[in-house]
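Numbering (the numbering used here), first residue to last: 70 to 428. Glycine included, each C-beta is placed from N, C-alpha and C at the ideal position. In this text the structure is predicted, and so the values were computed from the model without any measurement. Single-structure report; data block below.
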């Protein structure tokens with residue numbers, strides 16, 4: 070399991086961690102029914118009470134808090150993770166576990182430039198540390214720098230061929246417009262995975278790459294066989310069920326997903342389905358929760374379809390300045406179209422970026 074992807078902003082429960090999950094794979098998989106390592110966390114806390122000057126254990130505590138946040142979707146653990154990692158670097162500025170962890174935290178805070186800088190610092194200290202290249206890859210992908218991401222991925226694959234590596238390779242292939250290779254990488258990841266959460270994540274991602282909703286539904290069901298409470302697979306199943314016309318089943322799946330992890334995207338999609346079902350009051354309640362999250366991408370999508378497209382453009386332009394990804398480009402171009410402005414520029418930019426040869 071990878072120790073990365075934790076958000077440190079103080080938003081509602083589940084919102085922060087959910088933002089991380091849209092980006093990455095195992096170790097960034099939230100809303101799981103799998104229990105966190107509570108005993109290990111408690112033992113680490115107890116040890117630090119007696120040995121508060123142990124930098125290595127502070128770094129371990131930070132990673133355990135991060136893992137618990139990922140597993141449960143509870144954002145209260147996020148600042149604890151960051152605080153523990155900062156204490157580790159205060160005690161030992163060269164502690165690599167903490168440096169890599171802080172790079173991951175910066176990525177989840179959407180400060181990808183800082184995340185990349187932490188990754189570079191870690192690489193200089195130990196160029197053979199695999200987790201460093203995971204942080205560099207994640208930051209570069211979100212900044213719209215696939216050449217840097219691919220170089221980091223090459224080093225990661227040379228050092229460690231595991232679930233985390235294969236899922237990142239799948240993301241790279243997806244951005245390069247090679248879905249068959251992405252599917253192959255995810256199947257290798259699924260074959261390699263042992264942890265039920267990792268297995269669920271891989272099959273969930275396979276579902277996302279399917280264009281046929283029936284095939285996607287089969288992948289999501291496989292994910293849920295591995296982990297019945299995996300929130301992203303529950304939401305994926307809901308999306309596929311809705312596309313197949315099974316709206317009542319879709320509503321039940323969305324409800325299960327938001328009960329497990331109230332991610333902004335889930336709340337928005339569920340609200341839109343509730344509108345179609347004529348359950349307007351419930352839909353508006355879910356839209357209100359979306360607006361309360363502070364998530365620019367989800368709120369921008371909401372404003373585009375149900376509110377003020379100009380507000381959507383403003384929010385999504387701000388998001389685009391931080392994250393040059395296809396998801397943000399698509400949302401921004403849709404908002405521009407609804408606002409009566411030029412469209413497709415950002416999608417064209419993303420396509421151009423991702424088709425550039427890697428030096």
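Roughly how many angstroms separate the alpha carbons of residue i and residue j, rounded to a whole number?
i: residue 318; j: residue 403; result: 29 angstroms
i: residue 380; j: residue 350; result: 23 angstroms
i: residue 135; j: residue 146; result: 7 angstroms
i: residue 408; j: residue 187; result: 39 angstroms
i: residue 328; j: residue 100; result: 9 angstroms
i: residue 353; j: residue 224; result: 47 angstroms
i: residue 124; j: residue 167; result: 9 angstroms
i: residue 273; j: residue 292; result: 6 angstroms
i: residue 410; j: residue 385; result: 14 angstroms
i: residue 387; j: residue 258; result: 34 angstroms
i: residue 115; j: residue 263; result: 30 angstroms
i: residue 150; j: residue 364; result: 21 angstroms
i: residue 216; j: residue 108; result: 42 angstroms
i: residue 383; j: residue 316; result: 33 angstroms
i: residue 244; j: residue 117; result: 43 angstroms
i: residue 204; j: residue 169; result: 7 angstroms
i: residue 289; j: residue 390; result: 32 angstroms
i: residue 256; j: residue 232; result: 10 angstroms
i: residue 343; j: residue 320; result: 7 angstroms
i: residue 322; j: residue 394; result: 27 angstroms
i: residue 279; j: residue 248; result: 9 angstroms
i: residue 73; j: residue 195; result: In this prediction, residue 73 has a pLDDT of 28, which is less than 50 and means its spatial position is unreliable; what the coordinates show is noted afterwards. Spanning the two alpha carbons is a distance of roughly 18 angstroms.
For residue i, which residues of its own chain have a beta-carbon under 8 angstroms away from its beta-carbon, when the five flanking residues on both sides are left out?
i: residue 359; result: 333, 336, 337, 340, 367, 368, 371
i: residue 286; result: 276, 306, 309, 310, 313
i: residue 222; result: 202, 206, 234, 237, 238, 241
Apart from the five residues on each side of it in sequence, which residues of its chain come closer than 6 angstroms, Cβ to Cβ, to residue i?
i: residue 295; result: 265, 268, 269
i: residue 228; result: 199
i: residue 250; result: 242
i: residue 157; result: 124, 127, 128, 164, 167
i: residue 218; result: 206, 209, 210
i: residue 192; result: 201
i: residue 392; result: 211
i: residue 396; result: none
i: residue 154; result: 131, 167, 170, 171
i: residue 176; result: 184, 207, 208
Among residues of its own chain, excluding the 5 on either side of residue i, which ones have a beta-carbon nearer than 7 angstroms to its beta-carbon?
i: residue 325; result: 303
i: residue 283; result: 313
i: residue 253; result: none
i: residue 121; result: none
i: residue 189; result: none
Just to confirm, does residue i get its C-beta within under 7 angstroms of one of the non-hydrogen atoms of the ligand HEM?
i: residue 118; result: This structure lacks the ligand HEM, and indeed carries no ligand of any kind.
Discussion item. Pairs of beta-carbons, one from the region 180-193 and one from the region 211-231, closer than 8 angstroms: are there three or more?
Written reply: yes
(request) Just list the alpha helix (DSSP H) runs in the region 293-357, keeping only unbroken ones of 4 residues or longer that don't cross its boundaries, in chain order. (result) 300-312, 316-329, 333-345
request  = Give, in chain order, every unbroken run of the alpha helix (DSSP H) that is at least 4 residues long and sits entirely within the region 138-167.
outcome  = Along the length of the region 138-167, whole alpha helix (DSSP H) runs at least 4 residues long occupy 146-160, reported in chain order.
Check your understanding: At what residue ranges does the region 165-189 contain a whole run of the alpha helix (DSSP H), taking only runs of 4 or more?
Key -> 165-177
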